[in-house]
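Colleague: Going by numbering that gives the first Met the number 0, the residue at position 107 of the sequence shown is 106; the numbering climbs one at a time, nothing skipped.
Ideal Cβ positions, reconstructed from N, Cα and C, are used throughout, including at glycine.
These figures come from a predicted structure and were not determined experimentally.
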Amino acid sequence: MTSSTDEISITLVVDNRAAEGLAVEHGFSAWIEAGDFRILFDTGQGMALPINAHNLGIEPASAHAVVLSHGHYDHTGGLSDILVTSRNIKVFSHPDIVLSRTSIRQGQARSIGMPDKSKEALERAANRWHHVHALALLAPTIGLTGPIARYTAYEDTGGPFYLDTNGSTVDPILDDMGLWLKTRHGLVVMTGCGHAGIVNTVRQAIDQSGETRIHAVIGGFHLGEANEERLDRTVEALQAWSPDLVVPCHCTGEAAVARLSDMPGDRVVVGHAGMKLDMT
């Protein structure tokens with residue numbers, strides 16, 4: 000690969016929305032082809048991935064790398080089947096993805112961490128599991144942010160997340176990371192849920208890549224519980240970068256999608272499973 004990747008396609012495989020004939024699931028997974036390099040970014044809960052991949056003509060086991068953006072069940076549930084199918088595929092994530100995670104709403108605790116089946120498969124494939132503690136380059140023009148600095152004061156993880164079941168230890172989701180690709184049009188930045196904040200994620204991608212032009216921002220932005228100030232400042236920051244394309248997916252939230260759609264032009268397109276994006 001050269002200083003930028005000329006041929007890039009991104010297919011959304013799992014999402015909360017789906018094209019006709021594809022399975023809908025609360026989760027996220029995307030198939031990235033950059034030249035001849037193939038990446039599976041997140042794996043959804045595990046039910047929709049094999050169905051949709053088959054219908055879309057995608058073979059997840061042929062990926063060179065599986066990237067897990069963070070350790071929630073709706074991004075890691077499909078990992079076990081992939082690791083069983085492919086004995087060569089490499090997994091990239093922060094080591095904290097295996098921590099127990101809990102969401103507590105109205106006094107009810109719910110486990111939202113990586114499923115045991117995926118944890119066990121990852122342990123068996125430990126020699127293929129690459130821990131990402133900082134910027135990691137999958138290729139000269141493809142980077143994983145590693146843990147994302149929390150630059151802004153107005154962004155948070157987006158929910159009542161804890162590392163225990165009684166709510167005494169807040170989960171900062173420090174394992175959350177994004178993926179960026181350097182193209183001739185600028186950066187493509189991808190997030191699973193954006194728990195570190197979508198603005199923080201894009202800013203870190205810019206700092207790491209040295210590319211200030213933003214071509215596309217794609218993925219879950221986890222703004223469903225964001226207040227008006229956060230929505231306003233998020234839209235303001237994205238507008239300042241003037242991306243050519245913004246594709247909110249998965250956990251972004253209806254109100255946030257509506258606010259993002261107020262951005263000038265036709266740059267905001269709501270994502271769904273089956274959507275294929277040509278980044279060339």
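Is Ile81 near Tyr161, with beta carbons less than 7 Å apart?
Modeller: No.
Colleague: Give the DSSP-derived three-state secondary structure of Ala138 in the structure shown.
Modeller: The answer is strand: DSSP assigns Ala138 an E or B state.
Colleague: Are the CB atoms of Gly145 and Val134 within a distance shorter than 7 Å?
Modeller: Residue identity check: residue 134 is Leu in the sequence provided, not Val. The answer is yes: Cβ separation under 7 Å.
Colleague: Does the distance from the C-beta atom of Ile7 to that of Ala33 stay below 7 Å?
Modeller: A contact, by the Cβ cut-off of 7 Å.
Colleague: Please list, in chain order, all residues of the same chain as Leu222 whose beta carbon is under 6 Å from its beta carbon, the five residues on each side excluded.
Modeller: Excluding residues within five positions, the ones whose Cβ falls inside 6 Å are Thr251, Gly252, Ala255.
Colleague: Once DSSP output is grouped into helix, strand and coil, what is the label at Arg266?
Modeller: Looking at Arg266 - three-state DSSP - the assignment turns out to be coil, as it is neither helix nor strand.
Colleague: By a C-beta neighbour count over all protein chains shown, 10 Å radius and 16 as the cutoff for buried, is His69 buried or exposed?
Modeller: Buried, because 16 or more other Cβ atoms sit within 10 Å of the Cβ of His69.
Colleague: Do you know how far the Cα of Gly219 is from the Cα of Ala18?
Modeller: One C-alpha to the other measures close to 18 Å.
Colleague: Beta-carbon separation of Asp35 and Ala272 under 7 Å?
Modeller: In this structure, Ala272 does not lie closer than 7 Å to Asp35 by Cβ.
Colleague: So, for His25: in the same chain, excluding its five sequence neighbours on each side, which residues have a beta-carbon less than 6 Å away from its beta-carbon?
Modeller: Result list for His25: Asn15, Asp73, in chain order.
Colleague: Give me, in chain order, the residues of the same chain whose beta-carbon lies closer than 8 Å to that of Asp261; leave out the 5 immediate sequence neighbours on both sides.
Modeller: Contacts found: Val234.
Colleague: Which residues bound the beta strand (DSSP E) around Pro247?
Modeller: Unbroken beta strand (DSSP E) run through Pro247: 244-248.
Colleague: What do you get for Ala195, buried or exposed, if any count of 16 or more other CB atoms within 10 angstroms of its CB means buried?
Modeller: Classification for Ala195: buried.
Colleague: Can you find the residues in the same chain that come closer than 6 Å, C-beta to C-beta, to Leu11, ignoring five residues on each side of it along the sequence?
Modeller: Closer than 6 Å at Cβ, skipping near neighbours: Ala29, Gly270, Ala272, Met274.
Colleague: Assign His132 to one of three DSSP states: helix, strand, or coil.
Modeller: Residue state, collapsed to three classes: coil.
Colleague: Rounded to the nearest angstrom, how far is the Cβ of Pro139 from that of Thr156, given a contact under 8 Å?
Modeller: Rounded, the Cβ-Cβ distance is 32 Å, inconsistent with contact.
Colleague: Could you tell me the alpha carbon to alpha carbon distance between Lys181 and Val131, rounded to whole angstroms?
Modeller: Straight-line Cα distance between these residues: approximately 19 Å.
Colleague: Could you give the uninterrupted runs of the alpha helix (DSSP H) lying entirely in the stretch 62-109, keeping only those of 4 residues or more?
Modeller: Listed in chain order, the complete alpha helix (DSSP H) runs (minimum 4 residues) inside the stretch 62-109 are 72-75, 78-84.
Colleague: Could you pull out every residue in the same chain whose Cβ sits closer than 6 Å to the Cβ of Leu244, ignoring the five residues on either side in sequence?
Modeller: The residues are Ala215, Arg266.
Colleague: Excluding the 5 residues preceding and the 5 following Lys116 in the sequence, name in chain order all residues of the same chain whose CB lies nearer than 6 Å to its CB.
Modeller: So the list reads Ser79, once near-sequence residues are dropped.
Colleague: Please name the residue, chosen from Leu55, Ser241, Ala108, Thr75, that lies closest to Ser167 on a Cα-to-Cα basis.
Modeller: With distances taken between Cα atoms, Ser167 lies closest to Ala108.
Colleague: When you compare only the Cα positions, how much space is there between Met189 and Trp179?
Modeller: Cα to Cα, Met189 sits roughly 6 Å from Trp179.
Colleague: Roughly how far, in whole angstroms, is the beta-carbon of Val65 from the beta-carbon of Ala120, given that I think they are within contact range, below 8 Å?
Modeller: With a Cβ gap of about 11 Å, Val65 and Ala120 do not count as contacting.
Colleague: According to the neighbour-count rule (16 or more other Cβ atoms, all chains shown, within 10 Å of its Cβ), is Pro242 buried or exposed?
Modeller: Answer is buried; the Cβ neighbour count reaches 16.
Colleague: In the DSSP assignment, find the unbroken beta strand (DSSP E) run with Val334 in it and report its ends.
Modeller: With the chain running from 0 to 279 in the structure shown, residue 334 is simply not present.
Colleague: Terminal residues of the continuous beta strand (DSSP E) containing Thr182?
Modeller: Counting along the chain, the beta strand (DSSP E) containing Thr182 begins and ends at 178-182.
Colleague: Spatial neighbours of Gly43 within its chain, please: C-beta separation below 8 Å, excluding the five flanking residues on both sides.
Modeller: Answer for Gly43: Val12, Val13, Glu24, Gly26, Phe27, Ser28, Asp73, His74, Gly76, Gly77, listed in chain order.
Colleague: Leaving aside the five residues before and after Leu331 along the sequence, list all residues of the same chain whose C-beta is less than 7 Å from its C-beta, in chain order.
Modeller: Only positions 0 to 279 of the chain appear in the structure, and residue 331 is not among them; the question remains open.
Colleague: Can you tell me which of the three DSSP states Leu173 falls into?
Modeller: Here Leu173 sits in coil by DSSP.
Colleague: Please state the DSSP three-state secondary structure of Ser260.
Modeller: In the structure shown, Ser260 sits in coil (DSSP, three-state: anything other than H, G, I, E or B).
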